[in-house]
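For reference, the structure is listed below as structure tokens.
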Amino acid sequence: MKNINFYKSHLRCFVIGLVAIALSSSRVHANMLVYPMSASIGAGNESAAELRIYSKSDATQYVKAIAKRVTDPATDREREVASMSSGDDAIVISPAKFALPAGGTRLIRVIPLGVPQKEVLYRIYLQPVAAPTDDDSTEKSDVSGKVNFSLVWAPLIHVLPKAIVPDFDVSNGVLANTGNVRIGVLDAGACQSDKDDSSCQWTKFERSVYPDQQFRLEGLQAAPYVRIRYRVEGTADVQQKVVHAESVGTMIAPSANEETQSGHTIVSTNEKD
């Protein structure tokens, strides 16, 4: 699967535009839009993430928000588990259920209950539900009581530690993230010298590596040194680090696992970004 550039997840308007174009030519009908599709909480960012839901329907819709924690993101082992209700990694959504008026907008907030030691990733599923059964009959004329759209939006929420400490090691062709936040590995150079990059042979990766994860540098040639170009959350500039590597092998990198729910099309962000 093609890797997505690390910094492309921040081009949220562009992502939504592409989704809208794709939907216009498909059979899936989008009765709402969600912005942004990726947000971060903590470490100098806002204390809560705000997601804005825009109605594209002429009827009132009912929506439920569900948080799923993503484990081992951007790997073959990627899974989603139910959000915890307590602890440093827990989050709450307010409101978790709401009515979206025809042509209107609703704002929901994702609030962390603590500060994690390492970055934690969530997907927030925004999916349709049936209208409450106790509505007044006078209101039902302009209320969508059926689940009449199949598009499920799933923006990503990154909950960051209080202090960001990016760090990694490279050994035998494997990059190990030893810090507490994800690293966006752009490319790696197999270098004969640690002084400059003129002797480096570069290989592009464009891959997020999360804390405690290892990433095999596929196709990188054997060399005394490895120079890594990468980005860190909250930093626009490309950073570099040179590490001594005795041997670098050619290995195969895992691909992300994408899961969908039966009967729904899910719009989210690939975490190989």
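Under my numbering, think of the first position of the sequence shown as 615, with each following residue one higher.
The beta carbon of each residue, even a glycine, is placed where N, CA and C say it ideally should be.
Taking the alpha carbon of residue i as the point to measure from, which residue in the options has its own alpha carbon closest?
{"i": "residue 781", "options": "823, 804, 771, 715", "result": "823"}
{"i": "residue 842", "options": "678, 803, 668", "result": "803"}
{"i": "residue 849", "options": "659, 729, 647, 809", "result": "659"}
{"i": "residue 647", "options": "708, 769, 662, 697", "result": "769"}
{"i": "residue 745", "options": "789, 675, 790, 812", "result": "675"}
{"i": "residue 789", "options": "834, 829, 853", "result": "829"}
{"i": "residue 697", "options": "689, 710, 688", "result": "710"}
{"i": "residue 852", "options": "732, 801, 713", "result": "801"}
{"i": "residue 651", "options": "844, 739, 818", "result": "739"}
{"i": "residue 716", "options": "767, 818, 669, 817", "result": "669"}
{"i": "residue 671", "options": "682, 718, 707, 687", "result": "718"}
{"i": "residue 589", "options": "793, 688, 820, 816", "result": "Any answer about residue 589 is impossible in this case: the structure gives the chain only from 615 up to 887."}
{"i": "residue 688", "options": "820, 707, 727", "result": "820"}
{"i": "residue 741", "options": "729, 767, 747", "result": "767"}
{"i": "residue 729", "options": "661, 747, 708", "result": "661"}
Taking 8 Å as the limit between beta carbons, can you name the residues of its chain near residue i, skipping five residues before and five after?
{"i": "residue 685", "result": "691, 692, 693, 694, 695"}
Under 8 Å by Cβ, that's how I've got residue i and residue j pegged, so tell me the actual separation to the nearest angstrom.
{"i": "residue 831", "j": "residue 798", "result": "Actually they do not touch by this definition, with Cβ atoms about 15 Å apart."}
{"i": "residue 667", "j": "residue 722", "result": "7 Å"}
{"i": "residue 784", "j": "residue 837", "result": "Wrong, their Cβ atoms sit about 11 Å apart, outside the cutoff."}
{"i": "residue 705", "j": "residue 795", "result": "At roughly 17 Å, the Cβ-Cβ gap does not stay under 8 Å, so residue 705 and residue 795 are not in contact."}
{"i": "residue 743", "j": "residue 677", "result": "7 Å"}
{"i": "residue 776", "j": "residue 701", "result": "Actually they are not in contact, since the Cβ atoms of residue 776 and residue 701 sit about 16 Å apart, beyond 8 Å."}
{"i": "residue 725", "j": "residue 653", "result": "Between residue 653 and residue 725 the Cβ distance is about 12 Å, and since that is not below 8 Å, they are no contact."}
{"i": "residue 644", "j": "residue 765", "result": "5 Å"}
{"i": "residue 736", "j": "residue 682", "result": "7 Å"}
For residue i, collect the residues of the same chain with a Cβ closer than 7 Å to its Cβ; drop the 5 residues on either side in sequence, then sort them by chain order.
{"i": "residue 664", "result": "721, 723"}
{"i": "residue 640", "result": "Residue confidence for residue 640 is low, a pLDDT of 42 falling below 50, so the modelled location carries little weight and cannot support an answer."}
{"i": "residue 598", "result": "There is simply no residue 598 to check, as the chain begins at 615 and stops at 887 in what is shown."}
{"i": "residue 708", "result": "722, 723, 725"}
{"i": "residue 811", "result": "803, 805, 841"}
Give me, in chain order, the residues of the same chain whose beta-carbon lies closer than 6 Å to that of residue i; leave out the 5 immediate sequence neighbours on both sides.
{"i": "residue 857", "result": "784, 840"}
{"i": "residue 846", "result": "780"}
{"i": "residue 855", "result": "842"}
{"i": "residue 813", "result": "805, 806, 807"}
{"i": "residue 778", "result": "657, 795"}
{"i": "residue 791", "result": "782, 797, 823, 825, 827"}
{"i": "residue 713", "result": "674, 676"}
{"i": "residue 816", "result": "801, 803"}
{"i": "residue 727", "result": "704"}
Checking contacts by CB at 8 Å: is residue i closer than that to chain D?
{"i": "residue 649", "result": "No chain D is present in this structure, which holds just one protein chain."}
As an exercise, report each continuous beta strand (DSSP E) stretch of at least 3 residues that is fully enclosed by the region 785 to 835, in chain order. 788 to 791, 797 to 805, 815 to 823, 828 to 830
Curious, which full-length beta strand (DSSP E) runs of at least 3 residues does the region 657 to 697 contain? 663 to 669, 675 to 685, 693 to 696
Could I get the ranges of all uninterrupted beta strand (DSSP E) runs contained in the region 697 to 735, with 3 residues as the minimum, in chain order? 705 to 708, 711 to 714, 719 to 726
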